[in-house]
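Enquirer: Take the sequence shown: its letters are residues 11 to 196, numbered as in the numbering used here.
We put the beta carbon where it would ideally sit given N, CA and C, even for glycine.
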Amino acid sequence: MATLFGPADLAIGMRESISRVRLFDGPLDLSWHHCATTSDFIADLFALRFQSSRNDYREVRHCIGYLVNELIENAVKFRVPGEIMIESSIDSGNFKVKVSNVVDSETAVEFQNLLSEITVGDPGEHLIRWIEENAADPETTRSGLGLLTLMSDYGARLAWTFSPTEESDRIWLETYASIPVPQTHS
11 MATLFGPADL AIGMRESISR VRLFDGPLDL SWHHCATTSD FIADLFALRF
61 QSSRNDYREV RHCIGYLVNE LIENAVKFRV PGEIMIESSI DSGNFKVKVS
111 NVVDSETAVE FQNLLSEITV GDPGEHLIRW IEENAADPET TRSGLGLLTL
161 MSDYGARLAW TFSPTEESDR IWLETYASIP VPQTHS
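1. Could I get the ranges of all uninterrupted beta strand (DSSP E) runs contained in the region 115-146, with 3 residues as the minimum, in chain order?
2. Verify whether the separation of the beta carbon atoms of N84 and A46 is less than 9 Å.
3. Hey, would you say A169 sits closer than 9 Å to A21, going by beta carbons?
4. Helix, strand or coil for F28? Go by DSSP, reduced to three states.
5. Along the alpha helix (DSSP H) that carries R68, what are the first and last residues, could you check?
6. Please state if the CB of F105 and the CB of V191 are separated by a distance shorter than 9 Å.
7. Would you decide whether M11 is buried or exposed? Buried here means 16 or more other CB atoms lie within 10 Å of its CB.
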């Protein structure tokens, strides 16, 4: 049985034309470099339709790049060895992305506890409080700041599903995100 955090309409599925990028583990291992390269590629690909307006293009490219990079970094950081799937689409008002990977059951429980906090209440207030806590105690580095920044500063809507796998200590994690983009007039 899957466990959902966030708005259910995000996790229902992406019905539009979807672009898929699959990152495989291999001799080079997945690293931070792959996050930036992949997010830049996806941002460039989806921002092209906004090139008639330099400001829209730059804003859309930046927002998509930041969102995708944050989600891929989290997947790389917290996954068990294996592939990461990134699925993206854009419609007349939103860019949508789903990042899928496998985590161990301990990581899943810790992340669900974090999500129980950040998905309730105002993300901007959480973000300010957590930044202040980190500043007051340099030994404290609280997870979730990137997700809160996406929700607070970028208007991202986020959802997560956790589903069991064949292996009892592994959980299939799907992270869904949607951010508003300008309407195109082409």
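Expert: Short version:
1. none
2. Position 74 of the sequence shown, counted from the start, is the residue given in the question as residue 84. Position 36 of the sequence shown, counted from the start, is the residue given in the question as residue 46. No.
3. As a position in the sequence shown, residue 169 is number 159, starting the count at 1. As a position in the sequence shown, residue 21 is number 11, starting the count at 1. Yes, these two residues count as a Cβ contact at 9 Å.
4. Here residue 28 corresponds to residue number 18 of the sequence shown, with the count starting at 1. One point to set straight first is that residue 28 is Ile, not Phe, in the sequence displayed. Coil, per DSSP.
5. Translated into the one-based positions of the sequence shown, residue 68 becomes position 58. Here the alpha helix (DSSP H) through R68 covers 64-88.
6. On the sequence shown, position 181 is the one that residue 191 refers to. On the sequence shown, position 95 is the one that residue 105 refers to. Result yes, Cβ atoms of V191 and F105 sit closer than 9 Å.
7. Here the question's residue 11 lines up with position 1 in the sequence shown. That one is exposed.
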